[in-house]
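Student: Here it is, the structure in full.
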Amino acid sequence: QKEVEQNSGPLSVPEGAIASLNCTYSDRGSQSFFWYRQYSGKSPELIMSIYSNGDKEDGRFTAQLNKASQYVSLLIRDSQPSDSATYLCAVTGGANSKLTFGKGITLSVRP
Amino acid sequence: KAGVTQTPRYLIKTRGQQVTLSCSPISGHRSVSWYQQTPGQGLQFLFEYFSETQRNKGNFPGRFSGRQFSNSRSEMNVSTLELGDSALYLCASSEQHTGELFFGEGSRLTVL
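Sequences listed follow chains X and L, in order. All residue numbers for the first sequence refer to the working numbering, where the first residue is 26 and numbers rise by one. All residue numbers for the second sequence refer to the working numbering, where the first residue is 99 and numbers rise by one.
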C-alpha cells in the first residue's frame, strides 16, 4: 500500500512566522510531488509542484524535496491569517499512476 | 475558461438506493479523476479516466463505477448505497495525466 503521511497537526503559528509542513511517502519510485490547499468548505487547489531534489520557491511558499529520505515539505514565510487552511501533500509515481493524498494538516495563523 | 462543474451539489439518498454524479471537466482537459473525501479518511482515490478509458482504479468495492464520454464529461455511479458512502465526492480534471489537478466544488452525498 503506497502511503503518504503528514504530521497529525493541527499547527498554529503567529502572524508573520514561518509555518513548516512536512510529508513523508513510502514509494521510492514516486516522481512527482504536490501541495494542495483546502479552505474550509471548499475544494482543494494546487499551490506547489516539485519534481526534483532541492528547493522550489514561489512567492512566500517554498517546497523542499529529499527523495533519499522520502520527504517533502512546504514552508510558508510571513504567514498570514488568510493562509489558515488544510494543506494536503500528494504524490504520484509517474505516468499512468494515481495521485495519492495525505490526510492533510490544518494550519491556523493567529493574528 | 469555465472550471470543473459537478452536479448535483447536494443530495440525500436512503440505504439501498443508487446515485449518479456528473462531472464536466475544464475545456480541453482529457483526464478526469474522482475522489471520495471524508473527515476520517481524507481524500481517497476512486478512479481516473483518460480518453474514455479507465486508467487507474482505487480500492473501492464494485458498487462504485464510472465512465467517461467522448466529450470528456464523466459520471460515477454508486449502487446499493450504504451509510458509510456519505461523503463529499470530488471530481478533478487535468490536461494530461499529471498530478496538477483542478477540482470541482464536489457533490455532497448523505445516505440515511
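Built from N, CA and C at the ideal position, the CB exists for glycine as well.
Measuring straight from C-alpha to C-alpha, what distance separates X:Gln63 and X:Ser45?
Tutor: Position 38 of the first sequence, counted from the first residue, corresponds to residue 63 of chain X. Position 20 of the first sequence, counted from the first residue, corresponds to residue 45 of chain X. One C-alpha to the other measures close to 16 Å.
Student: Exposed or buried, what is L:Ser149 when buried is set at 16 or more other beta-carbons lying within 10 Å of its beta-carbon?
Tutor: The sequence position of residue 149 of chain L within the second sequence is 51, counting from 1. Classification for L:Ser149: exposed.
Student: Among L:Leu210, L:Gly204, L:Ser205, L:Gln139, which residue has its Cα nearest to the Cα of L:Asn157?
Tutor: Within the second sequence, numbered from 1, the residue matching residue 157 of chain L stands at position 59. Nearest option by C-alpha distance: L:Gln139.
Student: Buried or exposed for L:Phe200, please, with buried defined as at least 16 other CB atoms from any protein chain shown within 10 angstroms of its CB.
Tutor: Locating residue 200 of chain L in the second sequence gives position 102, counting from the first residue. Looking at its Cβ environment, which holds 16 or more other Cβ atoms inside 10 Å, L:Phe200 is buried.
Student: Compare the beta carbon distance of X:Glu40 and X:Val116 with 8 Å and say whether it is the shorter of the two.
Tutor: Residue numbering aside, residue 40 of chain X sits at position 15 when the first sequence is read from its first letter. Residue numbering aside, residue 116 of chain X sits at position 91 when the first sequence is read from its first letter. Their beta carbons are not under 8 Å apart, which means X:Glu40 does not touch X:Val116 by this criterion.
Student: Name the chain X residues that come within less than 9 Å of L:Glu253, Cβ to Cβ?
Tutor: Here chain L has residues from 99 to 210 only, and residue 253 of chain L is not among them.
Student: Measuring CB to CB, does X:Gln89 end up less than 8 Å from X:Ser98?
Tutor: Here residue 89 of chain X refers to the residue found at position 64 when the first sequence is read from its first residue. Here residue 98 of chain X refers to the residue found at position 73 when the first sequence is read from its first residue. Taking 8 Å as the Cβ cut-off, X:Gln89 and X:Ser98 qualify as a contacting pair.
Student: Between which two residues does the beta strand (DSSP E) carrying X:Asn91 extend?
Tutor: Position 66 of the first sequence holds residue 91 of chain X. Segment 86 to 91, the beta strand (DSSP E) holding X:Asn91.
Student: What are the start and end residues of the beta strand (DSSP E) that includes X:Val29?
Tutor: If you number the first sequence from 1, residue 29 of chain X lands on position 4. From DSSP, the beta strand (DSSP E) with X:Val29 extends over 29 to 31.
Student: Give me the chain L residues within the contact set of X:Leu113, using Cβ-Cβ distance strictly less than 9 Å, ordered along the chain.
Tutor: Counting from 1 along the first sequence, the entry for residue 113 of chain X is found at position 88. Neighbours of X:Leu113 on chain L, chain order: Gly140, Leu141.
Student: Who does L:Val130 pair with in a DSSP beta bridge?
Tutor: Locating residue 130 of chain L in the second sequence gives position 32, counting from the first residue. According to DSSP, L:Val130 bridges with L:Tyr147, L:Ser191.
Student: Check whether the Cβ of L:Met174 lies closer than 7 Å to any heavy atom of the ligand COA, and answer yes or no.
Tutor: In terms of ligand content, the structure shown is empty, and the ligand COA therefore cannot be addressed.
Student: For X:Gly84, which option in X:Ile130, X:Arg102, X:Leu124 has the closest C-alpha, if you only look at C-alpha atoms?
Tutor: Within the first sequence, residue 84 of chain X is the residue found at index 59, counting from 1. The shortest C-alpha separation from X:Gly84 is found at X:Arg102.
Student: Residue range of the beta strand (DSSP E) that L:Ser122 falls in?
Tutor: Reading the second sequence from its first residue, position 24 is the one you call residue 122 of chain L. Unbroken beta strand (DSSP E) run through L:Ser122: 117 to 122.
Student: At the level of alpha carbons, what is the spacing between X:Pro136 and X:Val38?
Tutor: Indexing the first sequence from 1 puts residue 136 of chain X at position 111. Indexing the first sequence from 1 puts residue 38 of chain X at position 13. Computed Cα separation, rounded: 9 Å.
Student: Would you mind sorting L:Phe167 into buried or exposed? The rule is 16 or more other CB atoms within 10 Å of its CB.
Tutor: Here residue 167 of chain L refers to the residue found at position 69 of the second sequence. By the neighbour-count rule (16 or more Cβ atoms within 10 Å), L:Phe167 is not buried but exposed.
Student: Using three-state DSSP, classify L:Leu179 as helix, strand or coil.
Tutor: As a position in the second sequence, residue 179 of chain L is number 81, starting the count at 1. It is coil, neither helix nor strand.
Student: Quick check: the Cα distance between X:Lys92 and X:Asp80, rounded to an integer number of angstroms?
Tutor: Start at 1 with the first residue of the first sequence, and residue 92 of chain X comes out as number 67. Start at 1 with the first residue of the first sequence, and residue 80 of chain X comes out as number 55. Cα to Cα, X:Lys92 sits roughly 12 Å from X:Asp80.
Student: Which one or two residues does DSSP pair with X:Asp83 in a beta bridge?
Tutor: Here residue 83 of chain X is taken as the residue at index 58 of the first sequence, counted from 1. Answer is X:Phe86.
Student: If we ignore side chains and look at the alpha-carbon of each, how far apart do X:Ile43 and X:Ser77 end up?
Tutor: Numbered from 1 along the first sequence, position 18 holds the residue referred to as residue 43 of chain X. Numbered from 1 along the first sequence, position 52 holds the residue referred to as residue 77 of chain X. If I take the Cα positions, the gap works out to 23 Å.
Student: Answer yes or no: does any C-beta atom of chain X fall closer than 8 Å to that of L:Glu150?
Tutor: As a position in the second sequence, residue 150 of chain L is number 52, starting the count at 1. Chain X, which has no Cβ nearer than 8 Å to the Cβ of L:Glu150, makes this no.
Student: Can you pull the chain L residues whose beta carbon is under 8 Å from the beta carbon of X:Ser57, in chain order?
Tutor: Taking the first residue of the first sequence as 1, we reach residue 57 of chain X at position 32. Those within 8 Å of X:Ser57 in chain L are Thr196, Gly197.
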